[in-house]
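K.L.:
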Amino acid sequence: MKEQKVYEPVIGLEVHVQLNTNSKMFCNCAIAPFDSSPNTYVCNICMGYPGTLPLINNKAIEMVAKSGLALNGNINQKTRFDRKNYHYPDLMKGYQISQFKYPIVVGGEVEINTNNKKKHIKLNRIHLEEDTAKLTHANSKSFIDINRSGTPLMEVVSEPEIGNADEARKYLQELHSIFTEIGVTKGNLEQGHFRCDANISLKPIGSKTLGEKVEIKNMNSFRSVYRAINYEIERQTNELNSNKVIVQETRGWNESKGITISQRSKESAHDYRYFPDPDLPNIYIDEELLSDLKKSIPELKKDRVEYLLSNYELNEQVIQILSSDINLYDYFKNIELPKPRNSNITDQDLANWITEEIIKILDSNKINTDKISSIFKPNYLIELIELTNSKKINRNGSRNVLSSMVESRKSPKDLIDELGLTKIADSGQLNELCIQAVNNNPDAVSDFNSGKETAVKFLIGQVMKLSKGKADPKDAELNILKILNNEK
Ligand SMILES: [Zn+2]
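Read in this note's numbering, the sequence shown has 175 at position 175, and its numbers run on one by one without any break.
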């Protein structure tokens, strides 16, 4: 058999992000809701009638600049729009208003974690353009809905620095997280707010020359991108290994079949005959606006992850949960653990209580996390954890106390008294309950004697019942085993 060569994938992504503006890019039409009736959010401008003139939506320009700042890109303070000419039935004017020579953002980067290492994917540019109308083909007929025409789209173009499908997915997830956090998009994937084209080429490992690139168009889920890239790498590898030539082309992703399909040969930039749009003026972004935009960028999830990593000892799972919710994050960060740390509470311990017990109670009561510190006063939580760790109360009891805090503003000590949850500390009393449980359940005892270990669990449950939850299950288990083994 002929030796099968392995190649190195080179991947670049173009992401089209629907901006979260109220109105369209070049007219006063409102952005059409996803389920709106066809052709109800249209006017002469977005329908492309001859003689109409575009207006500029400044909010969209600000959102692109803000996105660039959040990704450490450079802002072109003088920018403009160009016409991209091509013929397609969904393109109302026969050209699309886009940006060619002076995009709003140049450069920038996205940080991802790959194989436990940080990797920075550089950006080429971020520019602003308008969306097209939508075609639907059914029963040998074609229908056009112009509602989407003129919706502002931000296009984020990466450098070809992505090495595989996993990196591509992480890059997209990170971009999506940042853009939704800074509020420039609603980021609804099902509604196509975040669509991705992937450019993929293969080269011999170590080679500097890039192979012919194939573009896969219009994928709108992270999973599709991941699958399509893997499929395409395999397809191109097989072609090259059977001495076939890869042609530069555009392919479509078929989600149900899990394959890419050739659509057309790829155009080059000069095919589009870009030129400055004579209907639109140059745009200037001044220092004052830039500084306002910078100030409007909130603390991002990636900053919170960084802060938790460098200041606490926490596992990856709780870092993800705490950094994803600003209320949980602030609550955790603002709790002053007794210092110096003579307390038996670790960072991880505290984080577990918040991300497991407290979240569960908030969820089941349908309470938003912004209420967390008024319901679970930080000093009360610490008090409760200390009581639990020093075995004054068992874990089930502490859950009851936490649940009671939703209604009551009393301290854990008061609630423990009120609920009668003080753990049975008297070993004689516990022993009596265990004997009672064993005597009441002869079937469980014979099960145990015939080797069924689960019988012990059943008996522990009986002791918990008899003690109204005040027994320590571990102590109860030891006692029960002692009794059963003596009886044998
Ligand atoms: Zn319009």
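Backbone N, C-alpha and C fix where the C-beta goes; we use that ideal spot for every residue, glycine too.
#1: Which whole-angstrom value is the C-beta distance of Tyr380 and Ile354, which I expect to be below 8 Å?
#2: Pull up the distance between the alpha-carbon of Ile435 and that of Lys452, whole angstroms please.
#3: Just to confirm before moving on: does the CB-CB distance between Ile11 and Ala168 stay below 7 Å?
#4: Tell me whether Val401 is buried or exposed, calling it buried when 16 or more other Cβ atoms sit within 10 Å of its Cβ.
#5: Please list the terminal residues of the continuous alpha helix (DSSP H) segment that includes His176.
#6: Can you find the residues in the same chain that come closer than 8 Å, C-beta to C-beta, to Leu419, ignoring five residues on each side of it along the sequence?
#7: Can you confirm whether Ile261, when its beta carbon is compared against all beta carbons of chain C, has any partner nearer than 7 Å?
#8: One question on the structure: do Ala138 and Ser149 come within less than 7 Å of each other, judged by their Cβ atoms?
#9: How many Å lie between Pro160 and Leu314 at the Cα?
#10: Arg304: which of Glu130, Thr21 and Ile178 sits nearest, CA to CA?
#11: If you count every other CB in all the chains shown that lies within 10 Å of the CB of Lys470, and 16 or more means buried, which is it?
#12: As a quick exercise: from Ala65, Phe448, Leu290 and Asp145, pick the residue whose alpha carbon is nearest that of Gly107.
#13: For Glu255, name the three-state secondary structure that DSSP assigns.
#14: Taking only heavy atoms of ligand 1 into account, decide whether any of them is closer than 6 Å to the Cβ of Ile45.
#15: Helix, strand or coil for Arg125 per DSSP?
#16: Are Asp197 and Pro54 touching if we call contact CB-CB under 7 Å?
#17: From which residue to which residue does the beta strand (DSSP E) around Thr114 run?
#18: Find out if the Cβ-Cβ distance for the pair Leu19, Val184 is shorter than 7 Å.
#19: Taking C-alpha atoms, which residue in Lys413, Glu109 and Glu8 lies nearest to Lys208?
#20: Count the CB pairs spanning the stretch 382-394 and the stretch 355-363 that are closer than 8 Å, and state whether there are at least three.
#21: Among Asp414, Thr250, Asp166 and Lys474, whose alpha-carbon lies nearest the alpha-carbon of Asn113?
P.N.:
Based on what the coordinates show:
#1: Locating residue 380 in the sequence shown gives position 380, counting from the first residue. Locating residue 354 in the sequence shown gives position 354, counting from the first residue. About 13 Å separates the two Cβ atoms, so there is no contact after all.
#2: Taking the first residue of the sequence shown as position 1, residue 435 is located at position 435. Taking the first residue of the sequence shown as position 1, residue 452 is located at position 452. Straight-line Cα distance between these residues: approximately 19 Å.
#3: Working through the sequence shown from its first residue, we reach residue 11 at position 11. Working through the sequence shown from its first residue, we reach residue 168 at position 168. Yes, the Cβ-Cβ distance between Ile11 and Ala168 is below 7 Å.
#4: Along the sequence shown, read from residue 1 onward, the residue named residue 401 stands at position 401. So Val401 ends up on the buried side.
#5: Taking the first residue of the sequence shown as position 1, residue 176 is located at position 176. Taken as a continuous stretch (DSSP letters only), the alpha helix (DSSP H) holding His176 covers Ala165 to Glu181.
#6: Within the sequence shown, numbered from 1, the residue matching residue 419 stands at position 419. Result list for Leu419: Gly397, Asn400, Val401 and Ser404, in chain order.
#7: Reference to chain C is not applicable here, since this structure consists of a single protein chain.
#8: Indexing the sequence shown from 1 puts residue 138 at position 138. Indexing the sequence shown from 1 puts residue 149 at position 149. No.
#9: Position 160 of the sequence shown holds residue 160. Position 314 of the sequence shown holds residue 314. The straight-line gap from Cα to Cα measures roughly 34 Å.
#10: The residue given as residue 304 occupies position 304 in the sequence shown. When each option's Cα is compared against that of Arg304, the closest is Ile178.
#11: By 1-based counting over the sequence shown, the position of residue 470 is 470. Label assigned to Lys470: buried.
#12: For the purposes of this step, residue 107 is taken as residue 107 along the sequence shown, with counting starting at 1. For Gly107, the nearest C-alpha among the options comes from Ala65.
#13: Working through the sequence shown from its first residue, we reach residue 255 at position 255. If DSSP states are grouped into helix, strand and coil, Glu255 belongs with coil.
#14: Counted from its first residue, the sequence shown places residue 45 at position 45. Yes, the beta carbon of Ile45 sits closer than 6 Å to at least one heavy atom of ligand 1.
#15: For the purposes of this step, residue 125 is identified with residue 125 of the sequence shown, where counting begins at 1. The answer is strand: DSSP assigns Arg125 an E or B state.
#16: Position 197 of the sequence shown holds residue 197. Position 54 of the sequence shown holds residue 54. Their beta carbons are not under 7 Å apart, which means Asp197 does not touch Pro54 by this criterion.
#17: Numbered from 1 along the sequence shown, position 114 holds the residue referred to as residue 114. Unbroken beta strand (DSSP E) run through Thr114: Glu109 to Thr114.
#18: For the purposes of this step, residue 19 is taken as the residue at position 19 of the sequence shown. For the purposes of this step, residue 184 is taken as the residue at position 184 of the sequence shown. Yes, the pair counts as a contact, with Cβ atoms nearer than the cut-off.
#19: Residue mapping note: residue 208 aligns to position 208 of the sequence shown, counting from 1. Comparing Cα-Cα distances from Lys208 to each of Lys413, Glu109 and Glu8, the minimum goes to Glu8.
#20: no
#21: Your numbering for residue 113 matches position 113 in the sequence shown. It is Asp166 whose Cα lies nearest to the Cα of Asn113.
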